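S.K.: Protein chains in written order, with my numbering: chain D, 28 to 136; chain Y, 2 to 469.
All C-beta atoms in this analysis are idealised placements derived from N, C-alpha and C, irrespective of residue type, glycine included.
A quick note: this is a predicted structure, and the numbers were derived from the prediction, not measured.
To start, I am sharing the structure in question, which I have written as structure tokens.
Next comes the structure, spelled out in structure tokens:
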């Protein structure tokens, strides 16, 4: 398992490091590498509002336009899939589950 | 109460019956009286006519004054008992030339102008007796007095007396018969309306705890049997609705009790001794999860309650069904992928409706279908336009629901497997909400399950949305 801040060559790290920059262009380029558009949109949402706990219903509404209380399983699965790409092989973990509330993306100090 | 009496069916029927029979009886009474009177008149006229004929024959044979005496004999002979006869012979100047027995007759019959005709008739009183009289113009054979008027009368006192008696009897009879008919009408009405009272008795036995009670239709007359059937089917519908309602409230209580008692126990255990911050965090998080579930259930119930009361008015916008299902497939893609369930969409149609609500309805069905599909199988959605303006959406997945559940599948809180109370299964309100949304759009949803295939079919009619 690699430390993302040391290696520097990972796509995800590159992404995280450019968080505070205008990132639109890179996202478009990254989309093809990272997988389905919605997964990428989820990452974008978490990144845009990093440090903020995002409830599942908010994620469903922002990413999939499901503006009602829907199957929360779907969000869990989507987050798990995103994690497998962004977090599984790296430390520290960025996407955190806040029990009873939702998910947040936080870059540890 | 007085209003109810005034509006009573029995009273109305009784009055109607009494009025009708009184009219008939009166008409009959008048008819009988008139025909008897006419009969008496004919008898009188016949008697009078025979005397007048006698007078005519006698007068026709008189040629001189001396023969006038034979007239007197005839008049005396004819004026016996009830009969009177009088003759007045007029001279050429129209003056009374000879008169016999005319004293008892009114001048109207035998006055000087009677000579000019026409023949007259009259009824008069004399010494407490009644007479009917008639006249006849008769020619004589005398040169100086060529015309004569003969008048005959008959005592009709006994006829009139009889008529008076008869009329009293008749009108008494009519009055009593009318009263009797009224009474009989009342009895008939009461008897005829007895089944209504029986219905009322049966109906009064029905109460919220006793909705199974039915009216006994077999004993009802044909006119009321339909009403009874209608009331019975109304009761049946009420019973089903009521049963569902009480099931519903029992279910609500049950659904809320479990999470609340879980939370309570958990919290009480946590409070029993000092805990670390992590432990408190854990408990609060778990409570938050339970509360979220309950909040979702309550908002679902609220949606259903509003829909039931027609408080939700769906928007009307053009919705492309294939793009809706495309979006939904995108949403469920990850979940289906994980279960290795394929999603297949075929056909397209566009309808007008509330996009958000329709999406919610379809989402429930899709999520159910994915959940109940075995790994490697396929959930397929097919959108069809049968051509008559309808739109059919069929969502099918392999797997069979036992037939005893099918009819209650759309009931609130109904679960095919009662032991499954997991959050992933929802509170059992999903299909109820779907049905409610479909119905709001004027559509109907049905489910068939056979041959290891379960199909939910939604059919929207031509003009789906209630105008808002």
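Given this structure, state the Cα-to-Cα distance separating residue 52/D from residue 83/D, to the nearest angstrom.
M.R.: Residue mapping note: residue 52/D aligns to position 25 of the first chain, counting from 1. Residue mapping note: residue 83/D aligns to position 56 of the first chain, counting from 1. Here residue 52/D scores only 41 on pLDDT, less than 50, and its place in the model should not be relied on; the value that follows carries that caveat. Those two C-alpha atoms are separated by around 27 Å.
S.K.: Buried or exposed: which applies to residue 48/D, given that a residue is buried once 16 or more other Cβ atoms fall within 10 Å of its Cβ?
M.R.: As a first step, residue 48/D must be located in the first chain, where it is residue number 21. Residue placement at residue 48/D cannot be trusted, given a pLDDT of 40 that sits under 50; what the coordinates show is reported in the next sentence. Under this definition residue 48/D is an exposed residue.
S.K.: Quick one, are the C-beta atoms of residue 53/Y and residue 137/Y less than 8 Å apart?
M.R.: As a first step, residue 53/Y must be located in the second chain, where it is residue number 52. As a first step, residue 137/Y must be located in the second chain, where it is residue number 136. Contact flag set, yes.
S.K.: Out of 110/Y, 132/Y, 174/Y and 173/Y, point me to the one whose CA is closest to residue 149/Y's CA.
M.R.: On the second chain, position 148 is the one that residue 149/Y refers to. Nearest C-alpha to residue 149/Y: 110/Y.
S.K.: Please check if any C-beta of chain D sits within less than 8 Å of the C-beta of residue 467/Y.
M.R.: Against the second chain, residue 467/Y aligns to sequence position 466. Residue placement at residue 467/Y is poorly supported in this model, since its pLDDT is 45, which falls under 50; the coordinates still yield a value, given next. No, residue 467/Y lies away from the interface with chain D (no Cβ there is under 8 Å from its Cβ).
S.K.: Is any beta-carbon of chain Y found at less than 8 Å from that of residue 115/D?
M.R.: To locate residue 115/D, count along the first chain from 1; it is residue 88. So, not an interface residue.
S.K.: With a 10 Å radius around its C-beta and 16 neighbouring C-beta atoms as the bar for buried, classify residue 423/Y as buried or exposed.
M.R.: Here residue 423/Y corresponds to residue number 422 of the second chain, with the count starting at 1. Because residue 423/Y carries a pLDDT of 49, less than 50, the predicted location of this residue cannot be relied on, and the following value inherits that uncertainty. Per the 10 Å Cβ criterion, exposed.
S.K.: Apart from the five residues on each side of it in sequence, which residues of its chain come closer than 8 Å, Cβ to Cβ, to residue 376/Y?
M.R.: Residue mapping note: residue 376/Y aligns to position 375 of the second chain, counting from 1. Answer for residue 376/Y: 340, 341 and 342, listed in chain order.
S.K.: According to DSSP, is residue 153/Y part of a helix, a strand, or is it coil?
M.R.: What you label residue 153/Y is simply residue 152 of the second chain in a count that begins at 1. Of the three classes helix, strand and coil, the one that applies to residue 153/Y here is strand, per DSSP.
S.K.: How many Å lie between residue 274/Y and residue 282/Y at the Cα?
M.R.: As a working mapping, residue 274/Y is identified with position 273 in the second chain. As a working mapping, residue 282/Y is identified with position 281 in the second chain. So the two alpha carbons sit approximately 15 Å from each other.
S.K.: Where does residue 454/Y land, buried or exposed, given buried means 16+ other C-beta within 10 angstroms?
M.R.: Locating residue 454/Y in the second chain gives position 453, where the first residue counts as 1. Exposed, because fewer than 16 other Cβ atoms sit within 10 Å of the Cβ of residue 454/Y.
S.K.: Alpha carbons only, please: which of 381/Y, 203/Y, 46/Y and 408/Y is nearest the one belonging to residue 337/Y?
M.R.: Within the second chain, numbered from 1, the residue matching residue 337/Y stands at position 336. The shortest Cα separation from residue 337/Y among 381/Y, 203/Y, 46/Y and 408/Y belongs to 381/Y.
S.K.: So what does DSSP say about residue 207/Y, is it helix, strand or coil?
M.R.: The count along the second chain starts at 1 and reaches residue 207/Y at position 206. In the structure shown, residue 207/Y sits in coil (DSSP, three-state: anything other than H, G, I, E or B).
S.K.: Rounded to whole angstroms, what is the Cα-Cα separation between residue 347/Y and residue 394/Y?
M.R.: Locating residue 347/Y in the second chain gives position 346, where the first residue counts as 1. Locating residue 394/Y in the second chain gives position 393, where the first residue counts as 1. Their backbone Cα atoms lie some 10 Å apart in a straight line.
S.K.: Does residue 393/Y come out as helix, strand or coil in the three-state DSSP assignment?
M.R.: One-based indexing of the second chain puts residue 393/Y at position 392. Correct three-state label for residue 393/Y: strand.
S.K.: Can you tell which of 69/D, 108/D, 123/D and 77/D has its C-alpha closest to the C-alpha of residue 88/D?
M.R.: Position 61 of the first chain, counted from the start, is the residue given in the question as residue 88/D. Answer by Cα proximity: 69/D.
S.K.: Among 202/Y, 120/Y, 157/Y and 127/Y, which one has its Cα closest to the Cα of residue 133/Y?
M.R.: Taking the first residue of the second chain as 1, we reach residue 133/Y at position 132. The candidate whose alpha carbon is nearest that of residue 133/Y is 157/Y.
S.K.: Any Cβ of chain D within less than 8 Å of the Cβ of residue 425/Y?
M.R.: One-based indexing of the second chain puts residue 425/Y at position 424. Only weak support exists for where residue 425/Y lies, its pLDDT of 47 falling under 50; the coordinates are left without a value.
S.K.: Would you identify the three-state DSSP class for residue 64/Y, choosing helix, strand or coil?
M.R.: Numbered from 1 along the second chain, position 63 holds the residue referred to as residue 64/Y. The answer is coil: DSSP assigns residue 64/Y none of H, G, I, E or B.
S.K.: Within 8 Å (strictly less), CB to CB, does residue 80/D reach chain Y?
M.R.: Taking the first residue of the first chain as position 1, residue 80/D is located at position 53. False, the Cβ-Cβ gap to chain Y never drops below 8 Å.
S.K.: Answer yes or no: do residue 56/Y and residue 139/Y have a C-beta to C-beta separation smaller than 8 Å?
M.R.: As a first step, residue 56/Y must be located in the second chain, where it is residue number 55. As a first step, residue 139/Y must be located in the second chain, where it is residue number 138. Yes, they are a contact pair.
S.K.: Could you tell me whether any Cβ in chain D is nearer than 8 Å to the Cβ of residue 353/Y?
M.R.: Here residue 353/Y refers to the residue found at position 352 of the second chain. Closer than 8 Å: no.
S.K.: In chain Y, what lies closer than 7 Å to residue 65/D by C-beta?
M.R.: Sequence index remark: in the first chain, residue 65/D carries index 38 (1-based). In chain order: 331.
S.K.: Less than 6 Å between C-beta atoms, sequence neighbours within five positions excluded: which residues of the same chain meet that for residue 1/Y?
M.R.: Because chain Y is modelled from 2 through 469, residue 1/Y falls outside the range shown and cannot be assessed.
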